[in-house]
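Colleague: Residue numbers (this note's numbering), protein chains in the order written: chain A, 1 to 345; chain B, 1001 to 1345; chain C, 2001 to 2609; chain D, 3001 to 3609.
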Amino acid sequence: MSEVATKNEPVKLTAKDFASDQDVRWCPGCGDYAILAAVQRTLPELGIPREKFVFISGIGCSSRFPYYMNTYGMHTIHGRATAFASGVKAANPDLSVWIVTGDGDGLSIGGNHFIHIIRRNFDVNIIMFNNEIYGLTKGQYSPTSEVGKVTKSSPFGSIDTPFKPTSVALGAEGGFVAVSIDRDTKHLQEMIRRSHAHKGTSFLEVYQNCVIFNDGAFSALTEKESKPDNVLYLEHGKPLVFGSENQKGIVLDGFTPKVVSLNSGNYSVNDLMVHDEKLKDPTWATILSRMNRNPEFPHPIGVYRDVPRPTYESGLVNQLEAAKAKKGEGNLEKLFNEGDVWENN
Amino acid sequence: MSEVATKNEPVKLTAKDFASDQDVRWCPGCGDYAILAAVQRTLPELGIPREKFVFISGIGCSSRFPYYMNTYGMHTIHGRATAFASGVKAANPDLSVWIVTGDGDGLSIGGNHFIHIIRRNFDVNIIMFNNEIYGLTKGQYSPTSEVGKVTKSSPFGSIDTPFKPTSVALGAEGGFVAVSIDRDTKHLQEMIRRSHAHKGTSFLEVYQNCVIFNDGAFSALTEKESKPDNVLYLEHGKPLVFGSENQKGIVLDGFTPKVVSLNSGNYSVNDLMVHDEKLKDPTWATILSRMNRNPEFPHPIGVYRDVPRPTYESGLVNQLEAAKAKKGEGNLEKLFNEGDVWENN
Amino acid sequence: MEKDVQVLEDVTIRFAGDSGDGMQLTGTQFTNVSAMMGNDLATLPDFPAEIRAPAGTLYGVSGFQVHIGSTKIYTPGDRFDVLVAMNPAALKVNLKELGPNGIIIVNEDQFNEKNLKYAGYEVSPLEDDTLVKYRVFKVKITYLTGLALEDMKLPAKTVDRSKNFFALGLVFWLFSRDMEPTIDWIKDKFKKNAELVEANIRSLKAGFNYGVITEAFQAKYEISSAKLPKGKYRNITGNTAMAIGLVTAAQKAGLELFLGSYPITPASDILHDLSKLKNFGVKSFQAEDEIAAVASAIGASFAGSLGITTTSGPGVSLKGEAIGYAVMTELPLVIVNIQRGGPSTGLPTKTEQSDLNQAIYGRHGEAPLPVIAACTPSDCFDAAFEACRIAVKYMTPVILLSDGYLANGSEPWKIPSPEAIPDLHVEFLAEKNGKQPYSRNEVDARPWIKPGTPNLEHRIGGIEKANNSGNISYDPENHHNMVFLRKSKVENISKDIQPAEVYGDLTGDLLVVGWGSTYGAIRKSVEAARSEGKKVSHLHIRHLYPMPENVATVLRSFKKVLVPEMNTGQLAGILRSNYLVDTIQQNKVHGQPFKAAEISSKIEEVLRG
Amino acid sequence: MEKDVQVLEDVTIRFAGDSGDGMQLTGTQFTNVSAMMGNDLATLPDFPAEIRAPAGTLYGVSGFQVHIGSTKIYTPGDRFDVLVAMNPAALKVNLKELGPNGIIIVNEDQFNEKNLKYAGYEVSPLEDDTLVKYRVFKVKITYLTGLALEDMKLPAKTVDRSKNFFALGLVFWLFSRDMEPTIDWIKDKFKKNAELVEANIRSLKAGFNYGVITEAFQAKYEISSAKLPKGKYRNITGNTAMAIGLVTAAQKAGLELFLGSYPITPASDILHDLSKLKNFGVKSFQAEDEIAAVASAIGASFAGSLGITTTSGPGVSLKGEAIGYAVMTELPLVIVNIQRGGPSTGLPTKTEQSDLNQAIYGRHGEAPLPVIAACTPSDCFDAAFEACRIAVKYMTPVILLSDGYLANGSEPWKIPSPEAIPDLHVEFLAEKNGKQPYSRNEVDARPWIKPGTPNLEHRIGGIEKANNSGNISYDPENHHNMVFLRKSKVENISKDIQPAEVYGDLTGDLLVVGWGSTYGAIRKSVEAARSEGKKVSHLHIRHLYPMPENVATVLRSFKKVLVPEMNTGQLAGILRSNYLVDTIQQNKVHGQPFKAAEISSKIEEVLRG
Ligand SMILES: Cc1ncc(C[n+]2csc(CCOP(=O)(O)OP(=O)(O)O)c2C)c(N)n1
Ligand SMILES: Cc1ncc(C[n+]2csc(CCOP(=O)(O)OP(=O)(O)O)c2C)c(N)n1
Ligand code: SF4
Ligand code: SF4
Ligand SMILES: [Mg+2]
Ligand SMILES: [Mg+2]
């Protein structure tokens, strides 16, 4: 997208320019507000004229997002935002396309379009608001809800093993996979920037608190006392350190990560895994995506993987150009007269 | 399923008992014949009465499969076999449910149901006939076709990055993931046996030759000369050795597998990775699932992963039994009279 | 102080406030108590689309309307007599439907600058002449609730959450309701929190006592109990009645019920209700989408369960292909569609009747299936049972239509005795006996064969099948015959259903024809017209496809036919096509049920001209 | 030896053999040569459902029928005059449709025990009296082809694959066709393999010469060229015409064409054809399923392309929800449905007209959209153009119906001059100028606004929108008005379309009404009836919703109305509903087009009774 900026007048927009005239209608206290603010604050930095942004969503509380953005937008149907976005981006690769979805919208009904857009690698940015619940339909378990979760549709506890959204994305050839938290504004803004910077489909999962139906789902990651032990900030090239006094770290035993204490004297920072976003093989990212399966482990937050490959739309445009170069701009006269033609007199 | 056998009269069936009276209508030479034969040969060994088998498929050449099996069967609609099967298995956990699908049926239109049945872990067996093409619709590229593939719908070459079906399955929490080849009858039968033995969703990808629209797609893996260099047979607990004279092996450099020569004197069998299907983390299986991205590497054939977890239907049945134990067998009189009831006289 | 007591035949009350004000709960309590006091009634909850919109906003207003009476109540009331408005927005949104000389009870404390602004009032309507035509009671509900709870030293939030009970207490007093059932309910509901029990009961009583003591109210009212048929009753919403009806059918058929569903407003509550009934052997499966929901239900039917899928319009649009598969494979299946405002996402929390055409025609190919619609909340029980009866008897998918109004609305349900409900005989084929998978019985149904049955192994599928054997057949004649066989099998069900209900004479000047939830409004208006001596009758069509045999005759016995619908004329179009009868349409697509008065004036208009 | 030459007005030939026998290719060559010789014609390929069924089986028979003539040809022929049967199965399957005294050319070499058994013949039909009523020519085609190629020392497989050219050569001789175009074609097609070129040309000539030399054939035939209107022609299938029509519309609208599609029989060829046209700026996208296909097309339309999606019935069943979204967002979109035998998977390779109801009614909510149907293979070009015209002018999704018969059938297409085709003016809103996203122009269309345009940022969605602003609106009145606005916008298109085509007088005893691909058969039968002096006319309805304004009058001007359809009476039902006119139905659901004779006898029956 950066070419876009240079092609146009330099734009100097502010967060306010990206706020539409519509009242924001999430529940007071909903984590969605913070994500909206982070996006509105980040976009002006990207140097893209406002009219080139398109926000596309499905259905859900989170999917109301486009209405609040003073950009082009489509609030589509449940689960299909990624499919609509594929058409938008293919039709006009010059647009900066952002997909906003929920854990239900993106991974339940929309799971197939999700994995397919990722493998095709359209240069679009997916932000999935994961509140581990269906908000808009008033509180059923979602594909990311934990086993045993009691909700309206699982009065005796859910028996579905949840997806790890990042694992699904990686299994589907995800080139950019990142995680952030609604409450962590700065980090979130950075992740939005990074999503944008990646050429190809970027997938950003944001842990989002639903105050009404799943309040506190991520409190371990956001509350002051528990956060240091539960959040592992990833930085490219940096060892995996966490804890209130950076006293803990992650080492690898075979393929299995292990939490070690840096105070015990057995391990030093030099023994720890060093994060590498750029590994061609997604193995390391996959390990990260599954790390928090075990309560002893922290949740890795940040960019798991950032490895570009050619985008779908560039392949498409190349084929069009090659065809035009080879056969000339399409000519109806020629097309009509292909094959065996005869004259009746 | 093994309980089933003991509950019933011992059954002594043969492959023939599993052949229906319908003419098999695949193209002469199609790889589907071999898979059918392998299934028909393996089922009698499982000790399950024939009437307890249900074969469920979607639409595609491969999906004609149930018609040829003298068992219960549903030839359903495109992409949805896994969803139909979920209902069948939930309704009657006592049935041995087999899903037959293609790379298009299972991973294109059916991708969502595919990942969801795997995460839920119904105890069903999925066999995906991967011919890297749409057969029944006469030759369009599929989600497993390689980039650049020229087909009817990609006259200038496909620009879609293909899925690795095994990666997708692993990203979706797959507990049993295996690969076999149509031409390798013995191995295929073994994999079918193993699929069955796994409690939970088993996913078996079978490379299958479509003689009409994608002939030879897997010839490197099936032809005598090329096979030893291109196929890596996995055995639990055994080092990864391949090549015509077992002269090659796989070592791991960080997360990255490397092909090494055992003749060079630099490596011995003891240096090689030892295959372990039972690793709790799917990392190793993921590495296997992506190994053949690089032409220098062989295709790992066999069971990548076999790690059970509770099945969906057992959770469901447990909840039903617990509810009955707690509240007693459902009683309409009680149900009707719940809440505030009054009498009009 | 003694107050006058006036006896009313019926009264309609609307409780309105912020989404967080507990208006649904307040309304429900008033309803239940009235029901237990023997009134007939009908309710209309009216939710905002937002889960919890910011306090004080117009779009965040949540309403609950209840119409109680000592005579038969057909609708939740065209207008209301009493409006309880917990804030200015609630007043603003609802005022236009308050009847002449209506009573307004407002929480005066909420009429502050901020809230007035939110509601778009420049001047407080309590200060200018906005409300001169009404009887306004300004009550400092927040303040008074605070006083009542003062010594409990509760957090402000808790006090605030109790104020709806104050309002309820006051209305209880005004309409001479018994507080006991609500007190019991509070005790049970909050049993884990003694403080809340205390606070809510105190508030309730404080409200009640406020009515007793204050001079503000000159009169209180009584509504005698209605002469409902003898029996046991409970108040029931359409969705709950639907869930119970489905389970009842499964039990009476000796089948396990399998529900494959995906949440969607306003159908989700059926999923919720059925999920609780695990001790009835109900297997509920929250699928990944609607396609998987219906597919799993068909799979379950194949395996010998009663397969059910519940959804709303957008979900049905997704299920079309799989429903066609159920038609081809001739498996029982009930597809419940709780219709909502369309097209597309439309108005998800509003009611509409616009999916009738889709139910009948909305699949590719010739895919006929029976379509049935429920007409009142409690009728959802009967309609569900009937849909299941037809599904298992005829081995066919059935579409059962309800709508947002029926789903959330409620009325007293005369509780049947389970024994009095007929058995649905289901027999699985156990032995060949010359039968084949597509053999036909006397009603052209094929046998239901449960996997696991020895020697009956067979395959079904979506490709055309040879009759009898069920094998794939590309034979042209067979296809033609099967297309017509599937159609006639369904059409012959017309011989096996109740005649359409006619209210009034069998001939006359005007026949008002309806289906679904307009039942009450039409009935009320026709009753009114007849009481004025007009020759008007009401034909209610419950079976939309096939229609009962009497419809043809009845339609032709009236000079004019009026079809009121909450769509652009779907039933009208079908009647025209089926019976070549001219129709006058009355169409209202407001996301709200018809008012009886609207139909009454249309009746007059039609009779006049 | 000199032979008789008889001049025929028309002849119908069916080539039949194994899937691997190249019958489609043989038939196509015969067709193209005949077209180039100036005949009018119509073709009917008839594929088996299997890709390549085992040789010799009945279900593996592949057929290609072509009807050529020196007069206007409306159908591929009710029966055929000549049957070329490459094996016993081909004879068995096709014999019943061979006309009286018809010619049979068989490959005698294939009538061996194995093949006879496969075909279910106990005795060879060449030996008993099965074929006494026909003129049978037994030719050792395999053997003779082998002889012709003997010195080339080719693998047996190659020789075997050339034998269809021998058969073609013989038929070329029999009907005095010119071999040159086919020889040129062979040279081009196999240009990478000189051996194959040689083998096929030799076989072709050998077959031709066999006709010249042998005594077996007493006569040969000639079919003079037809008096088609002057101009350039090519033979074209419906699917190719459709693809070209869509591209033409995009070019004439100055838009890029975006195709979102998922393969499905019999629609896939449109995807294939459009995929090749990348130099026309066509972006074809093979989506993961039909939902993604239509969604991506709508996304592309939003982004300013002409969004198209092509499919068949099951695909449309899946697209319903998204199509409703296009209705709500008022974006142009063309949904092409190549109908096939239904319901469910049905008969995928067969033709049917059973998706009309679905096209008109098959979505939840009130979701009106224009529906158009093509009537002949070449008409697919015009119908595609018309669908695009309406979509972009009215900002609406349009459903365009074709069917398996039109898709694969072919006829001469009079090639238009691209300049003579009108421009489709599309203007994107470039500046506000007081306009809003849901402002209305003179035909009630909203403006099309391309993302990327400064200052016109806006959001669309599936929730009901306020007129003009396009913002979300839950207002009841607005919803009502928008529901009716969307409906009237579409219905008013009736003023902007060609009147329905009437053939014959404007009043009379019988009107035969049709739509879609029955056009030819109806026209032929009505022509025949009129030539006998019967007062019969033909009304062809191309725009199914809304219908042209003249339909009402025409329908009422005839004593009787007959509606032949390849379904159970869908158009009939709609006509009854729209116009309250009684209809007589003729329904054939065989997966095969009507024969003109079938309609002729129905016409007689109706006129008699
Ligand atoms: C086809 C269809 N099915 C179901 C629904 C109902 N529905 C709306 S949003 C939603 C789930 C929302 O969950 P999520 O995506 O996690 O979003 P959240 O509200 O939690 O932000 C569902 C089931 C719908 N609108 N359309
Ligand atoms: C809803 C729907 N869309 C499309 C089709 C057409 N269709 C049938 S099979 C198929 C793909 C088959 O590919 P695959 O699953 O790989 O099976 P194969 O034939 O290669 O064994 C398609 C697109 C269909 N039958 N139904
Ligand atoms: S329901 Fe939950 S996710 Fe939805 S707006 Fe409210 S707090 Fe946010
Ligand atoms: S088309 Fe390919 S996959 Fe299908 S039956 Fe023929 S060879 Fe097998
Ligand atoms: Mg959510
Ligand atoms: Mg395939």
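The beta carbon of each residue, even a glycine, is placed where N, CA and C say it ideally should be. This structure is a prediction, so every number in the text was calculated from the model and none was measured.
1. Suppose the cutoff is 7 angstroms on Cβ atoms and the five residues either side in sequence are ignored; what does the same chain contact list for residue 3094/D look like?
2. Flag residue 3121/D as yes when its Cβ comes closer than 7 angstroms to any non-hydrogen atom of ligand 2, and as no otherwise.
3. Using 8 angstroms as the Cβ pair cut-off and three pairs as the minimum, do the region 3312-3329 of chain D and the region 3381-3389 of chain D touch?
4. Take residue 2951/D and list the residues in its own chain whose beta-carbon comes closer than 8 angstroms to its own, dropping the five residues that flank it on each side.
5. For ligand 1, is there any heavy atom lying closer than 7 angstroms to the beta carbon of residue 2579/C?
6. Using the rule of at least 16 other Cβ atoms within 10 Å of the residue's Cβ for burial, across every protein chain shown, is residue 3/A buried or exposed?
7. Starting from residue 3488/D and walking both ways along the alpha helix (DSSP H), at which residues does that stretch end?
8. Whose C-beta lies closer than 6 angstroms to the C-beta of residue 3437/D among residues of the same chain, with five residues either side of it excluded?
9. Measuring straight from C-alpha to C-alpha, what distance separates residue 2168/C and residue 2030/C?
10. Any C-beta of chain A within less than 9 angstroms: which residues of the region 2060-2072 of chain C qualify?
11. Reducing DSSP to helix, strand and coil, say where residue 3233/D ends up.
12. Name the chain C residues whose beta carbon is nearer than 7 angstroms to that of residue 3343/D?
13. Output the residue ranges of the alpha helix (DSSP H) runs that lie fully inside the region 250-305 of chain A and measure 4 residues or longer, sorted by chain position.
14. With distance defined between alpha-carbon atoms, name the residue in 71/A, 318/A and 234/A nearest to residue 188/A.
15. Going by DSSP, what residues sit across from residue 3171/D in a beta bridge?
16. I want to check one thing, is the minimum distance from the CB of residue 1103/B to the heavy atoms of ligand 6 below 7 angstroms?
17. Out of curiosity, what's the CA-to-CA distance linking residue 1007/B and residue 2281/C?
18. Quick one: grab the DSSP three-state call for residue 149/A.
19. Figure out for me which residue from 2363/C, 2351/C, 2348/C and 2340/C has the closest Cα to the Cα of residue 2326/C.
20. Using only the heavy atoms of ligand 2, determine whether one of them is closer than 7 angstroms to the beta carbon of residue 1129/B.
21. Using Cβ-Cβ distances below 9 angstroms, what residues of the region 122-138 of chain A are close to chain C?
22. Could you give the DSSP three-state label for residue 3214/D: helix, strand or coil?
23. For residue 3225/D, which option in 3543/D, 3110/D, 3010/D and 3540/D has the closest C-alpha, if you only look at C-alpha atoms?
24. Which whole-angstrom value describes the C-beta separation of residue 3572/D and residue 3349/D, a residue pair presumed to lie in contact below a C-beta threshold of 8 angstroms?
25. Any idea which residues DSSP pairs residue 233/A with across the strands?
26. With a threshold of 8 angstroms between beta carbons, is residue 173/A in contact with chain D?
27. Can you list the residues near ligand 7, meaning Cβ strictly closer than 5 angstroms to any non-hydrogen atom, in the order they appear in the chain?
Modeller: Quick answer:
1. 3014, 3016, 3063, 3083 and 3085
2. Relative to ligand 2, the beta carbon of residue 3121/D is positioned no closer than 7 angstroms to any heavy atom.
3. no
4. Nothing about residue 2951/D can be reported from this structure: the residues present for chain D run from 3001 to 3609 only.
5. no
6. Confidence at residue 3/A is low in this model, with a pLDDT of 42, below 50, so its placement is unreliable and the value that follows should be read with caution. Exposed: under 16 other Cβ atoms inside 10 Å.
7. 3476-3491
8. 3458 and 3470
9. Taking the Cα positions, residue 2168/C is about 7 angstroms away from residue 2030/C.
10. 2060
11. strand
12. Within chain C, the residues near residue 3343/D are 2324, 2327, 2328, 2363, 2364, 2365, 2366 and 2367.
13. You should have 283-291.
14. 234/A
15. Beta-bridge pairing links residue 3171/D to no other residue.
16. yes
17. Its pLDDT being 48, under 50, residue 1007/B is placed unreliably by the model, and the measurement read from it follows with that caveat. Cα to Cα, the separation comes out at about 23 angstroms.
18. Assignment of residue 149/A by DSSP, reduced to helix, strand and coil, places it in the coil class.
19. 2363/C
20. yes
21. 134, 135, 136, 137 and 138: these are the residues of the region 122-138 of chain A whose beta carbon lies less than 9 angstroms from some beta carbon of chain C, given in chain order.
22. In this structure, residue 3214/D counts as coil in the three-state DSSP scheme.
23. 3010/D
24. So it is not a contact: roughly 26 angstroms between Cβ atoms.
25. 301/A
26. no
27. For the structure depicted, ligand 7 is absent and the ligand set comprises only ligand 1, ligand 2, ligand 3, ligand 4, ligand 5 and ligand 6.
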